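Worksheet: one structure, shown below.
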Amino acid sequence: MSADGLNVIALISGGKDSFYSLLHCVRHGHRIVALANLFPVSAGDGHGNRRQEEAELSIVRPDQQTQQTQPPSLYPSDQVPYADLNSFMYQTVGHEVIPLYAQATGLPLYRQPILGGAVRHERDYDYYQASSSSPGDQNQGSAPADDETESMLPLLRAVKAHHPEANALCSGAILSTYQRTRVESVALRLGLTPLSYLWKYPVLPPPQATLPDEAQLLRDMAAAGLEARIIKVASAGLDEKHLWEMVTSETGVSRLKASLRKFGFAQGASLGEGGEFETLVVDGPEALFKKRISIPENGRLVVPEGGGSTWLMLRGARLENKARGADDNDAQLAVREPAMLDAKFQTILDSILDSSTWSGALVDSAYTELATSGLRGKLSTRAASDLDNIHWAVVADSHALGSSIQRETVNVVQKMGAFLSSHGLQSRNISSVIVVLRNMSDFPKFNEEYGKLFPNANPPSRITVSCGDSVPEGHNVVVYLTVPVAKAQVARNGLHVQSRSYWAPANIGPYSQAIETVVTVGGIPTALRNVLIAGQIPLIPASMVLPPSSAIAVQEQVVLSLQHLWRIGAEMKVQCWGSAVAYFTHQPGEDSIEECAKLAGQAWSLAHGSPDEDENEDEADGPDPWDMKYNSQYQSLGSSSATSTCSATVPDWSIYTLQQQKEPTSCIPPMFTAEIESLPRKSSVEWHAHAGIKGIEEGSVELIQFASPGVGQWRSWNLVIKTSGHIVLYTTLAKLMEDDESDMAGFSSSERQLRNAYSESLHRLLPNTEAPETLEPYLAYVVDGNKTRGLWTLNDTSVLERFAVVPCRSLWTSRGERLGLLALYKTMLTISDD
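If you count the sequence shown from 1, position 770 lands on 770 in UniProt numbering, and the numbers rise without skipping.
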């Protein structure tokens with residue numbers, strides 16, 4: 001059970017998902033203080049009158065008699081007093097039974113009518129953007145009064161007024177970003193922690209010795225004692241004969257899947273996620289349901305709605321007493337928690353715990369020069385640096401230093417806002433941020449001020465580290481921004497999960513798990529996309545705490561946080577990584593950090609696996625239910641497009657040339673270990689994937705590596721991606737530290753060495769390529785703060801336009817070699833006809 005038990009408002013619709021999510025709250029030691037429900041207004045009243053919202057609030061107490069006695073015969077099928085609103089947000093069918101839940105569960109029930117309809121159809125709900133009086137205005141205002149999402153606001157305010165201790169809200173979102181982001185938006189505005197324990201449940205580990213099957217959720221509901229009946233069907237394959245089917249039973253699951261399979265179905269169909277069916281819970285475990293709801297057969301009136309939709313109007317519902325079970329209700333609550341690690345990452349953990357089983361190559365092939373398929377010597381090109389993005393470094397002005405971290409942060413945030421505005425940009429245009437703090441203890445105060453810059457949905461992804469005294473003297477924080485240039489800006493696509501679940505950690509601050517940006521060449525957008533993922537620390541998603549301390553704590557944290565990265569990458573359809581760094585907190589001795597570097601290298605290599613391992617992998621997640629409702633290409637359940645999505649496995653081996661696929665270790669991108677001072681939440685490790693790349697065609701990628709001989713050895717990794725007559729090149733340069741090398745003479749000297757090394761690397765890759773002297777990396781890591789002298793020197797009116805630099809205590813390759821410098825480049829190569 002969770003150590004920080006929450007007081008939860010349970011948002012219920014009567015359906016299986018909201019009640020099963022509620023059971024998970026109980027399982028985690030949270031206290032349910034009230035049920036909340038939104039119901040449709042009477043037919044003929046339209047979408048209701050918002051001015052009546054306070055008067056229309058109803059409260060049903062547990063001791064209040066709410067038996068239904070009205071016979072259904074009074075309502076012939078042509079005079080149904082209510083119509084199913086087919087809301088995109090709320091289940092409305094079966095609402096006439098909802099009042100019985102108060103007495104059935106012993107919990108107070110608060111109800112209010114649904115006001116408005118689905119006005120805003122975007123997948124990610126952006127309340128602040130909807131509230132703005134103009135596109136550039138980010139001030140909070142009133143959201144559109146007609147959007148049904150806002151119906152939750154007065155309802156939950158009323159519940160909080162009666163239960164001021166309430167601090168969390170649970171809902172049953174499984175795959176629908178549309179629903180999840182709307183619940184999160186309202187919950188967070190009211191200071192409630194959103195809980196969505198079923199989020200991505202179908203892709204989570206199944207019970208041991210059980211094959212993955214999204215219908216496992218229905219079986220788990222049955223095992224928990226939840227009785228859910230189908231009360232609406234709206235899908236090819238399902239018809240009137242499925243109404244009142246007990247879907248939380250093995251027989252119900254089998255019949256449902258067999259019927260849907262006849263027409264083909266997308267992911268989530270067997271759970272009703274695309275609106276295929278809706279359910280009503282009539283009973284559950286004694287820990288929640290004190291009484292059972294019974295509806296007589298003659299009280300279930302079939303209402304054909306047309307277009308394949310049929311539903312039940314329910315009358316004569318009543319409560320029945322249940323046989324008393326054991327006194328210990330918790331002992332009866334058989335709610336299955338998915339394993340923390342899925343099978344792949346559990347195997348990785350087992351392998352690195354037993355070093356004797358480790359026989360894979362530690363990316364040793366990264367130092368092997370590969371023959372390429374006709375790249376060298378055949379292209380005449382001109383190289384240009386990262387033209388997709390602008391990179392800025394921001395520190396506080398001198399007058400804001402020396403007082404408090406809040407004053408310093410306020411100044412930094414003001415400079416960020418002013419500089420964006422001067423370039424015709426807004427904070428919502430920022431794609432990623434790297435925050436370098438002197439002291440991690442300043443993070444909460446920094447976060448409070450920083451967060452004010454990002455009220456909108458899908459804020460930038462973020463990496464946060466503390467580098468101690470390597471931060472410039474007098475300063476406590478340095479912020480690096482990456483902002484796409486105007487031609488590279490597209491509709492914001494990101495992953496911003498703010499609910500607790502079992503899948504991956506929720507956002508604990510103003511950042512997204514991932515933001516997607518477009519790759520351009522010569523100002524022209526390509527099919528390629530960069531996915532910039534936030535730093536991943538090893539929080540247990542359901543509780544948002546670190547794993548308990550143990551002898552295997554470091555290994556477990558390495559693997560768990562890497563799994564978070566992999567899951568987010570798969571959700572964003574990442575096909576490969578450009579490179580990655582695992583940040584480790586300061587270690588007591590050199591041997592210790594060296595072992596950490598090797599440990600991370602093993603986990604990284606094992607996570608990539610090989611093409612053979614992925615041959616029988618299931619295809620990617622199907623379309624989001626939002627697509628099923630709004631995107632015409634997915635609206636036919638049997639459409640081939642609904643099931644022929646790109647692979648969700650990372651990496652997607654098909655993008656590599658056949659030659660490289662035959663040597664899987666040659667396809668593993670480089671990763672490094674950076675020892676810094678400390679990390680958020682006192683974590684031991686944080687994974688930072690520098691770029692996830694998607695939109696890549698089959699057979700168009702090569703990873704080419706060079707090793708420069710002699711003193712001051714440089715290593716070069718070049719991820720070459722061909723696209724539409726162009727080449728996009730991701731280059732990683734690393735300088736090995738010699739035994740007698742203590743320091744470089746300042747960063748300017750390092751930059752000169754770096755420039756020369758990159759020119760040599762580019763020339764070896766493409767002999768005819770001309771590399772301009774101004775070509776710079778977008779991110780660098782240096783050892784020893786002395787190398788950063790003068791790096792952040794700014795005047796009081798400007799922001800430095802330059803790449804990000806992270807100062808480290810030490811820097812390592814994946815096989816435990818010490819580095820002095822690491823730099824990352826993204827280069828555009830346009831093929832000429834010369």
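Positions of the beta carbon are idealized from the N, C-alpha and C atoms, including for glycine. All figures in this text were calculated on a predicted structure; none of them were measured in a lab.
Name, in chain order, the residues that DSSP records as bridge partners for residue i.
{"i": "residue 869", "result": "With the chain covering 1 to 834 only, the question about residue 869 has no answer from this structure."}
{"i": "D283", "result": "E227"}
{"i": "K232", "result": "E278, W311"}
{"i": "K291", "result": "N321"}
{"i": "K826", "result": "Y730"}
{"i": "L107", "result": "Note: L107 sits in no beta bridge, so no partner."}
{"i": "I704", "result": "N718"}
{"i": "C25", "result": "BP columns for C25 are empty, so no partner."}
{"i": "H391", "result": "T482"}
{"i": "A10", "result": "L35, C170"}
{"i": "M671", "result": "A580"}
{"i": "C808", "result": "V783"}
Run the CB neighbour count on residue i, radius 10 Å, all protein chains shown included, and call it buried at 16 or more, exposed below.
{"i": "N321", "result": "exposed"}
{"i": "R492", "result": "buried"}
{"i": "R438", "result": "buried"}
{"i": "P669", "result": "buried"}
{"i": "G102", "result": "Residue identity check: residue 102 is Ala in the sequence provided, not Gly. Buried is the call here."}
{"i": "H690", "result": "buried"}
{"i": "A527", "result": "exposed"}
{"i": "R31", "result": "exposed"}
{"i": "E245", "result": "buried"}
{"i": "A580", "result": "buried"}
If we call anything under 7 Å between Cβ atoms a contact, is residue i one with residue j?
{"i": "I696", "j": "L829", "result": "no"}
{"i": "L821", "j": "V782", "result": "yes"}
{"i": "residue 835", "j": "Y125", "result": "Absent from the model: residue 835. The displayed extent of the chain is 1 to 834, so no value can be given."}
{"i": "A168", "j": "K160", "result": "no"}
{"i": "A514", "j": "I434", "result": "no"}
{"i": "E148", "j": "I114", "result": "yes"}
{"i": "A158", "j": "L312", "result": "no"}
{"i": "I721", "j": "C808", "result": "no"}
{"i": "S814", "j": "M671", "result": "yes"}
{"i": "T673", "j": "A607", "result": "no"}
{"i": "Y201", "j": "L217", "result": "yes"}
{"i": "P194", "j": "Q498", "result": "yes"}
{"i": "D220", "j": "R324", "result": "no"}
{"i": "G816", "j": "A597", "result": "yes"}
{"i": "V545", "j": "L349", "result": "no"}
{"i": "A104", "j": "F289", "result": "yes"}
{"i": "A269", "j": "T248", "result": "no"}
Excluding five sequence neighbours on each side, which residues of the same chain lie with their C-beta closer than 6 Å to the C-beta of residue i?
{"i": "I12", "result": "S18, L35, N37"}
{"i": "N447", "result": "G509"}
{"i": "A823", "result": "L733, L754, P777, A780"}
{"i": "K262", "result": "G237"}
{"i": "G275", "result": "A234"}
{"i": "L532", "result": "S431, S432, S461, I515"}
{"i": "V701", "result": "I655, Y656, I721"}
{"i": "A804", "result": "I434, Y480, L779"}
Give every residue of the same chain whose Cβ lies closer than 7 Å to the Cβ of residue i, excluding the five residues on either side of it in the sequence, and list them in chain order.
{"i": "residue 857", "result": "As shown, the chain starts at 1 and ends at 834. That puts residue 857 outside it, with no answer to give."}
{"i": "Q575", "result": "P651, D652, I655, I693, K694, I696"}
{"i": "P304", "result": "T310"}
{"i": "G94", "result": "G14, I231, L280, L314"}
{"i": "W566", "result": "A607, V650"}
{"i": "E53", "result": "A caution first: E53 carries a pLDDT of 44, below 50, which makes its placement in the model too unreliable to give a value."}
{"i": "N411", "result": "A396, D397, A400"}
{"i": "S610", "result": "P664"}
Kindly list the residues whose CB is nearer than 8 Å to the CB of residue i, restricted to its own chain and excluding five residues on each side of it in sequence; keep chain order.
{"i": "N417", "result": "Checking the displayed sequence, the identity of residue 417 turns out to be Gly instead of Asn. Excluding sequence neighbours, G417 sits near S427, L453."}
{"i": "N429", "result": "L420, V483, P484, Q489"}
{"i": "E250", "result": "R219, A222"}
{"i": "V183", "result": "L11, M152, L169, S171, A173, P194, S196, S499"}
Any heavy atom of the ligand GTP within a distance shorter than 6 Å of the CB on residue i?
{"i": "G225", "result": "For the structure depicted, the ligand GTP is absent and the ligand set is empty, with no information on it obtainable."}
Would residue i pass as an interface residue toward chain C - the criterion being a Cβ-Cβ separation below 7 Å?
{"i": "G252", "result": "Absence of chain C from the displayed structure is noted, only one protein chain being present."}
Validate contact between the stretch 390-403 and the stretch 459-469 using beta carbons, cut 8 Å, 3 pairs: no
Hey, is the stretch 471-478 in contact with the stretch 513-525, meaning 3+ C-beta pairs nearer than 8 Å? no
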